[in-house]
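*Asks:* By full-length UniProt numbering, the letter at position 114 of the sequence shown is numbered 114, and the numbering carries on one by one without gaps.
All residues carry an ideal CB built from backbone N, CA and C; glycine is no exception.
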Amino acid sequence: MSSFTYYSLPGFGEQCRQQYGFSDACIIGDRMIVTGQTGMNPYTSQTSPDLEDQVAQAFENIKFLIERTLQQANHPAHREGKSGWEYVVKLHAYVVGLSAVRDEARAIMVRHIKKACPNHQPLFTMVGIESLPFAEHRVELEVDVWLP
Numbered sequence: 001m002s003s004f005t006y007y008s009l010p011g012f013g014e015q016c017r018q019q020y021g022f023s024d025a026c027i028i029g030d031r032m033i034v035t036g037q038t039g040m041n042p043y044t045s046q047t048s049p050d051l052e053d054q055v056a057q058a059f060e061n062i063k064f065l066i067e068r069t070l071q072q073a074n075h076p077a078h079r080e081g082k083s084g085w086e087y088v089v090k091l092h093a094y095v096v097g098l099s100a101v102r103d104e105a106r107a108i109m110v111r112h113i114k115k116a117c118p119n120h121q122p123l124f125t126m127v128g129i130e131s132l133p134f135a136e137h138r139v140e141l142e143v144d145v146w147l148p
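Given below as structure tokens:
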């Protein structure tokens, strides 16, 4: 069996790796598997109560995680100078209490997808859930990444 190298964001990502035993990303062949990212700032562990702010932070966390993982792995895609979102082929959004904020959540997600992916249209699924592991989190985003 091949060995895998796992990667984590600094701050909360490294804390999760050490305390809970899970990582943020792993490269397997031409695919990067990325764990869900919330609206928590990984350096301060702070989370805004605002849905828009949480989505913006989650998008930034994903971008940073993809770019950092490619850099740490010395992957050829890192040298292409692209945003991490340019490699995203599928996005899953898990939204706490979606039925109460459906229109707002959809509009926020569409804005951020168009901003992060101006040159392609990734697959997108948004699902309403009851809760996330931390009570202050309202959204978690998970992406599938293809590496050329």
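1) Which term fits Gln37, buried or exposed, when burial requires 16 or more other beta carbons within 10 angstroms of its beta carbon?
2) Check whether the Cβ of Leu65 lies closer than 6 Å to any heavy atom of the ligand GDP, and answer yes or no.
3) Please return the same chain residues whose Cβ sits closer than 6 Å to the Cβ of Glu142, not counting the five positions on each side in sequence.
4) Express the C-alpha separation of Thr44 and Pro76 in angstroms, rounding to a whole number.
5) What residues in its chain sit with their C-beta under 8 Å from that of Pro58, if we drop five residues either side in the sequence?
6) Any contact between the region 108-125 and the region 1-19? By contact I mean 3 or more CB pairs, one from each, below 8 Å.
7) With DSSP as the reference, please indicate the residues paired to Glu80 in a beta bridge.
8) When we look at the beta-carbon of Met1 and count the other beta-carbons within 10 Å, is it buried (16 or more) or exposed?
9) With a threshold of 8 Å on Cβ separation, who are the neighbours of Ala25 within its own chain once the five nearest residues in sequence on each side are excluded?
*Replies:* Judging by the given coordinates:
1) Along the sequence shown, read from residue 1 onward, the residue named residue 37 stands at position 37. It is buried - the Cβ of Gln37 has at least 16 other Cβ atoms within 10 Å.
2) Ligands in the displayed structure: none, and consequently the ligand GDP is not present.
3) Position 142 of the sequence shown holds residue 142. Excluding residues within five positions, the ones whose Cβ falls inside 6 Å are Gly36, His92.
4) What you label residue 76 is simply residue 76 of the sequence shown in a count that begins at 1. What you label residue 44 is simply residue 44 of the sequence shown in a count that begins at 1. Across the structure, Pro76 and Thr44 are spaced so that their CA atoms are roughly 31 Å apart.
5) Against the sequence shown, residue 58 aligns to sequence position 58. The amino acid at residue 58 is misidentified as Pro; the sequence shows Ala. Take Ala58, set aside five residues on each side of it, and the residues of its chain with a beta-carbon closer than 8 Å to its own are Gln37, Thr38, Gly39, Val139, Glu140, Leu141, in chain order.
6) Contact fails: fewer than three Cβ-Cβ distances are below 8 Å.
7) As a first step, residue 80 must be located in the sequence shown, where it is residue number 80. Beta-bridge pairing links Glu80 to no other residue.
8) As a first step, residue 1 must be located in the sequence shown, where it is residue number 1. Its pLDDT being 44, under 50, Met1 is placed unreliably in this model, and the value from its coordinates should be taken loosely. Exposed.
9) As a working mapping, residue 25 is identified with position 25 in the sequence shown. Excluding positions up to five away in sequence, the list reads Tyr6, Tyr7, Ser8, Met32, Ile33, Val34, Thr35, Leu65, Ile66, Thr69.
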